[in-house]
Amino acid sequence: MARFPASRGHRLHGYRRGYYDGYALRADGSIVAWGNDSSGEVSGVPAGSGYKAIAAGPSTGYALKADGSIVAWGADYLGEVSDVPAGSGYTAIAGVMALAMR
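For the sequence shown, the working numbering puts the final residue at 103, and the numbers step up evenly by one.
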């Protein structure tokens, strides 16, 4: 089981977990990741801030940007990363096999 890293004084706004990895959304909109990295679940996390929401699926992570666009990283066995919907205007995301809503 992945251990939650110290937040080092940052307020966290959300937490999601995949099979063997975890993600936290900081108050500034940046993402923290830890755990298994066999398919880029940790090293592929987008840098920067301004993300509004995070979600996790099996070996895959998702983030909703402030403009309503979606970023995905990690395993791409069934198009979980390569088939992420383009464009903006999305208002929510969900994990498992990922769901985006406009």
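For each residue, glycine too, the CB sits at the ideal point set by N, CA and C.
Predicted model, so just to flag it, every value in this text is computed and none were measured.
Please return the same chain residues whose Cβ sits closer than 6 Å to the Cβ of VAL33, not counting the five positions on each side in sequence.
On the sequence shown, residue 33 is found 32 positions in, with the first residue counted as 1. Cβ within range, chain order: ALA25.
For ILE55, tell me which candidate among ALA28, LEU79, LEU65 has the shortest Cα-Cα distance.
Against the sequence shown, residue 55 aligns to sequence position 54. Of the candidates ALA28, LEU79, LEU65, the one whose C-alpha sits nearest the C-alpha of ILE55 is LEU65.
The beta strand (DSSP E) spanning TYR1 covers which residue range?
Coverage of the chain is limited to positions 2 through 103, which leaves residue 1 absent and any answer about it impossible.
TYR21 lies in the beta strand (DSSP E); which residues open and close that run?
Here residue 21 corresponds to residue number 20 of the sequence shown, with the count starting at 1. From DSSP, TYR21 is part of no beta strand (DSSP E); its letter is neither H nor E.
GLY51: buried (16+ other C-beta within 10 angstroms of its C-beta) or exposed?
Counting from one through the sequence shown, the residue named residue 51 turns up at place 50. So GLY51 ends up on the exposed side.
If VAL43 and ASP22 are in contact, beta carbons under 8 Å, what's the gap, nearest whole angstrom?
Against the sequence shown, residue 43 aligns to sequence position 42. Against the sequence shown, residue 22 aligns to sequence position 21. About 6 Å; that satisfies the 8 Å criterion.
Return the first residue and the last residue of the beta strand (DSSP E) that ALA64 is part of.
Translated into the one-based positions of the sequence shown, residue 64 becomes position 63. Its beta strand (DSSP E) spans residues 61 to 66.
Assuming GLY75 contacts VAL85 (C-beta within less than 8 Å), just tell me the rounded distance between them.
For the purposes of this step, residue 75 is taken as the residue at position 74 of the sequence shown. For the purposes of this step, residue 85 is taken as the residue at position 84 of the sequence shown. Not quite, the Cβ-Cβ distance comes to about 11 Å (not below 8 Å), so this is no contact.
Do you know how far the Cα of SER31 is from the Cα of GLY80?
Along the sequence shown, one-based indexing puts residue 80 at 79. Along the sequence shown, one-based indexing puts residue 31 at 30. So the two alpha carbons sit approximately 25 Å from each other.
Could you check what DSSP says for GLY36 in three-state terms: helix, strand or coil?
Within the sequence shown, the letter at position 35 stands for residue 36. Here GLY36 sits in strand by DSSP.
Can you name, in chain order, every residue of its own chain whose Cβ lies under 8 Å from the Cβ of ALA67, other than the five neighbours on each side?
Within the sequence shown, the letter at position 66 stands for residue 67. So the qualifying residues of the chain are GLY30, GLY51, TYR52, LYS53.
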